[in-house]
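To start, the structure itself, in structure tokens.
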Amino acid sequence: MSDLMEMLLRRGFLWQSFEIYRGMAGFFDYAPLGNNLRRKIENIWREFFVIDERVAEIDTPLIGIEEVFIASGHATSFVDTAIECQNCHRVYRADHYIKEKLNLEVESSIDAIKEVLEVYDLKCECGGKFGEPFPMNLMFSTKIGAGKGKNAYLRPETAQGIFIAFKRLSNYFREKLPFGVAQIGRAFRNEISPRQGVIRLREFNQAELEFFVHPAEKTHPNFREVASDVLTLVDKFDKTHRITLEEAVKKGIIANEVLAYFIGKTRRFLLAIGIKDEKLRFRQHKDDEKAHYATDCWDAEALTSYGWIEIVGIADRTDYDLSRHAKFSGEDLSIFVPYPKPISVKKKRAIPKMNALGPAFKSKAKKIAEALEKVEVSGEEVEVEVDGEKIRLTRDFFEIKEVEEEIAGERVVPHVIEPSFGLDRITFTVLEHSFDKDVVEGEERKVLRLKRRLAPVEVAVLPLLSREPFTTRAMEIVGMLKKAGFYTEYDDSGSIGRRYRRYDEIGTPFCITIDHQTFEDGTVTIRDRDTTGQVRVKISDLTWILRELLMSEKNIEGFGEKFR
RNA sequence: GCGCGGAUAGUCUAGUGGUAGGACAACGGCUUUCCGAGCCGUUAGCCCGGGUUCAAAUCCCGGUCCGCGCACCA
Numbered sequence: 234m235s236d237l238m239e240m241l242l243r244r245g246f247l248w249q250s251f252e253i254y255r256g257m258a259g260f261f262d263y264a265p266l267g268n269n270l271r272r273k274i275e276n277i278w279r280e281f282f283v284i285d286e287r288v289a290e291i292d293t294p295l296i297g298i299e300e301v302f303i304a305s306g307h308a309t310s311f312v313d314t315a316i317e318c319q320n321c322h323r324v325y326r327a328d329h330y331i332k333e334k335l336n337l338e339v340e341s342s343i344d345a346i347k348e349v350l351e352v353y354d355l356k357c358e359c360g361g362k363f364g365e366p367f368p369m370n371l372m373f374s375t376k377i378g379a380g381k382g383k384n385a386y387l388r389p390e391t392a393q394g395i396f397i398a399f400k401r402l403s404n405y406f407r408e409k410l411p412f413g414v415a416q417i418g419r420a421f422r423n424e425i426s427p428r429q430g431v432i433r434l435r436e437f438n439q440a441e442l443e444f445f446v447h448p449a450e451k452t453h454p455n456f457r458e459v460a461s462d463v464l465t466l467v468d469k470f471d472k473t474h475r476i477t478l479e480e481a482v483k484k485g486i487i488a489n490e491v492l493a494y495f496i497g498k499t500r501r502f503l504l505a506i507g508i509k510d511e512k513l514r515f516r517q518h519k520d521d522e523k524a525h526y527a528t529d530c531w532d533a534e535a536l537t538s539y540g541w542i543e544i545v546g547i548a549d550r551t552d553y554d555l556s557r558h559a560k561f562s563g564e565d566l567s568i569f570v571p572y573p574k575p576i577s578v579k580k581k582r583a584i585p586k587m588n589a590l591g592p593a594f595k596s597k598a599k600k601i602a603e604a605l606e607k608v609e610v611s612g613e614e615v616e617v618e619v620d621g622e623k624i625r626l627t628r629d630f631f632e633i634k635e636v637e638e639e640i641a642g643e644r645v646v647p648h649v650i651e652p653s654f655g656l657d658r659i660t661f662t663v664l665e666h667s668f669d670k671d672v673v674e675g676e677e678r679k680v681l682r683l684k685r686r687l688a689p690v691e692v693a694v695l696p697l698l699s700r701e702p703f704t705t706r707a708m709e710i711v712g713m714l715k716k717a718g719f720y721t722e723y724d725d726s727g728s729i730g731r732r733y734r735r736y737d738e739i740g741t742p743f744c745i746t747i748d749h750q751t752f753e754d755g756t757v758t759i760r761d762r763d764t765t766g767q768v769r770v771k772i773s774d775l776t777w778i779l780r781e782l783l784m785s786e787k788n789i790e791g792f793g794e795k796f797r
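Numbering-wise (this note's numbering), the first sequence opens with residue 234 and increments by one.
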């Protein structure tokens with residue numbers, strides 16, 4: 234086990250779930266410190282992707298009814314049929330293997346695969362025979378209600394809850410594009426063999442933003458803010474670019490400005506929580522790598538002890554999801570977009586002659602007339618559809634009149650740009666990029682150089698001596714700091730040096746020490762985790778000084794007299 | 001899922017069939033006090049199930065979990 238993993242376990246960042254029942258792969262508990270860290274990361278994410286944008290956050294059920302995932306495509310592309318070679322035991326996704334070997338599109342059902350295997354006598358590359366095809370269901374299924382119940386799945390991504398609520402959401406945003414909807418929550422994938430600790434989980438935390446834009450206007454009002462940021466891009470041809478976002482869009486490396494904007498914003502967010510720029514890159518998906526819904530997709534990848542791992546996916550999902558849900562639900566999920574100026578067009582319209590229609594069509598005449606008024610006329614005859622019946626009408630039944638019509642706008646199905654964050658991987662990457670060792674007074678120390686804002690314990694209060702009156706005074710200060718809202722710990726166990734190390738290890742940025750001088754002039758010292766330097770400040774100033782220090786990365790030396 | 005290796009206290013680890021030991025950590029006490037000091041004490045462990053054996057942490061089988069390789073990761 235790495236030094237970091239050992240510390241995370243021992244000090245209470247991450248624990249294996251179900252440990253007393255011997256555990257289960259793919260599940261982790263967020264222990265007290267890890268839980269606090271992840272929550273703080275989530276809150277900074279909110280600042281970047283909700284508060285700072287035209288974005289609202291919602292929370293939808295973790296359980297989704299079957300219809301949702303049939304429409305979204307997960308029920309077919311997520312529940313794959315697998316085949317295993319009985320000789321070399323390699324497992325393939327059956328439809329992929331058949332496509333590759335036979336160039337045959339095949340339905341991913343067990344029966345269809347079985348038939349293809351028999352008819353074409355398909356063998357493994359090693360020459361071995363395949364066993365019975367079996368389902369490889371990546372969604373957890375369940376039933377809602379008693380008895381037979383209704384088929385349902387635990388959501389494999391948070392996004393679908395947003396698409397489903399689209400009508401309400403577009404109304405909430407007063408039908409004006411662009412807008413975005415965010416959701417932070419759990420998602421579930423029944424991975425075949427999760428490995429690599431928290432990198433691949435069966436239950437994981439996502440922060441997703443669905444940003445809806447006009448398909449013809451993939452621009453973002455704040456693009457200028459990030460346009461000149463320089464970053465590392467690896468395109469789908471594996472070519473590495475070190476360029477500004479503006480250039481990347483201009484050269485067509487990134488398909489559009491919204492995508493580029495969120496790539497830039499994502500990078501700024503990741504840097505703000507302490508991920509190292511030199512260990513961060515954005516990699517474009519190759520054409521065969523993309524999900525079933527995406528046209529262009531960029532992953533933020535971080536360099537960790539597991540190599541480069543995907544921590545954020547930024548995809549242009551186009552109108553795939555909204556169109557699918559529109560089709561499967563029968564609801565109109567488009568949005569009316571007015572033109573800057575109404576366009577006037579000349580059209581030939583049919584004016585129904587009721588005195589001819591009436592006698593000829595009796596009770597249907599009214600409906601025919603209504604249908605007739607809606608169609609555009611091109612020739613001498615016109616066809617209308619009434620109650621599923623097609624009726625041809627000659628000029629005897631209508632007159633033609635040229636009219637000028639104003640068209641105020643059009644209905645469009647928005648495209649969606651989706652930055653999707655894997656919070657567990659991000660939290661882990663932050664820990665890895667923050668974990669450090671240095672030497673203090675000739676001794677190696679472990680120190681977690683978290684951004685101050687992220688520290689799970691923000692301040693530790695330490696009486697220099699573990700006896701009166703130091704302890705009581707220290708506990709009073711703890712009470713004061715807790716009331717002020719700081720995550721505060723009190724600790725009088727062991728020598729002062731030992732205690733400093735304890736808090737260095739978990740990334741606590743500041744230690745307050747109560748010493749002899751405290752009782753002479755009402756001051757204490759603040760010790761900085763990274764420099765181990767100390768300044769002496771008045772107890773009455775402690776709250777505002779800590780608040781200011783924690784919100785920034787300012788040097789403590791500006792806040793008091795240097796002590797050591 | 002397959003193959004190889006592993007699992008002993010909170011953590012790290014010694015222990016080749018016969019009394020499970022240490023270090024660090026934690027906790028209590030004494031002492032000391034501004035960078036993992038010292039002394040005394042306490043808590044605490046053989047992954048689970050089965051088998052072989054008079055006797056299993058140790059050998060065998062199965063499972064679980066962890067690591068690595070292959071596969072999978074829409």
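We put the beta carbon where it would ideally sit given N, CA and C, even for glycine. These numbers were taken from a predicted model, which means no experiment stands behind them.
Assigned exposure category for residue i - 16 Cβ within 10 Å defines buried
| i | result |
| --- | --- |
| P573 | exposed |
| A315 | buried |
| I508 | buried |
| M372 | buried |
| W799 | The chain is shown only over 234 to 797; residue 799 falls outside these bounds and no answer can be derived. |
| T473 | exposed |
| R762 | buried |
| Y405 | exposed |
| T375 | exposed |
| K451 | buried |
| H329 | exposed |
| L664 | buried |
N- and C-terminal bounds of the alpha helix (DSSP H) containing residue i
| i | result |
| --- | --- |
| S667 | 656 to 667 |
| V491 | 490 to 505 |
| V459 | 456 to 460 |
| N404 | 399 to 405 |
| T452 | That residue, T452, is in no alpha helix (DSSP H); it is neither H nor E in DSSP. |
Continuous beta strand (DSSP E) stretch holding residue i: start and end
| i | result |
| --- | --- |
| F261 | 261 to 263 |
| E676 | 676 to 681 |
| Q249 | 247 to 249 |
| A289 | 288 to 290 |
| H474 | 473 to 477 |
| G297 | 296 to 298 |
| L387 | 383 to 387 |
| A770 | Residue identity differs from the one stated: residue 770 is Val in this sequence, not Ala. Run containing V770: 767 to 771, per the beta strand (DSSP E) assignment. |
| E722 | 721 to 723 |
| L466 | 463 to 467 |
Whether residue i touches residue j by CB criterion (8 angstroms)
| i | j | result |
| --- | --- | --- |
| L503 | W531 | no |
| P389 | G259 | no |
| A304 | F561 | yes |
| H648 | V446 | yes |
| L566 | K400 | yes |
| V694 | V711 | yes |
| L697 | I729 | yes |
| R644 | K273 | no |
| L466 | A481 | yes |
| K586 | V610 | no |
| H518 | K469 | yes |
| D285 | F437 | no |
| G655 | V545 | yes |
For residue i, the residue or residues it bridges with in DSSP
| i | result |
| --- | --- |
| F445 | F412, V649 |
| Q517 | W531 |
| C744 | A693, R760 |
| F703 | DSSP output for F703 lists no bridge partner at all. |
| K580 | V636 |
| T551 | V649 |
| Q393 | The partner list for Q393 (beta bridge, DSSP) is empty, contrary to what the question assumes. |
| V617 | I624 |
| F437 | A420 |
| V315 | A quick correction: the sequence has Ala, not Val, at residue 315. According to DSSP, which records beta bridges pairwise, A315 is partnered with R326, F367. |
| K795 | V768 |
Close-in-space but distant-in-sequence residues of the same chain around residue i (CB under 8 angstroms, 5 per side omitted)
| i | result |
| --- | --- |
| R625 | E614, V615, E616 |
| V339 | A327, D328, I331, K332, A345, I346, V349 |
Close-in-space but distant-in-sequence residues of the same chain around residue i (CB under 7 angstroms, 5 per side omitted)
| i | result |
| --- | --- |
| I789 | I759, D761, G766, V768, L782 |
Proximal residues to residue i (C-beta, below 6 angstroms), its chain only, five neighbours per side dropped
| i | result |
| --- | --- |
| R500 | L464 |
| Y736 | A693, C744 |
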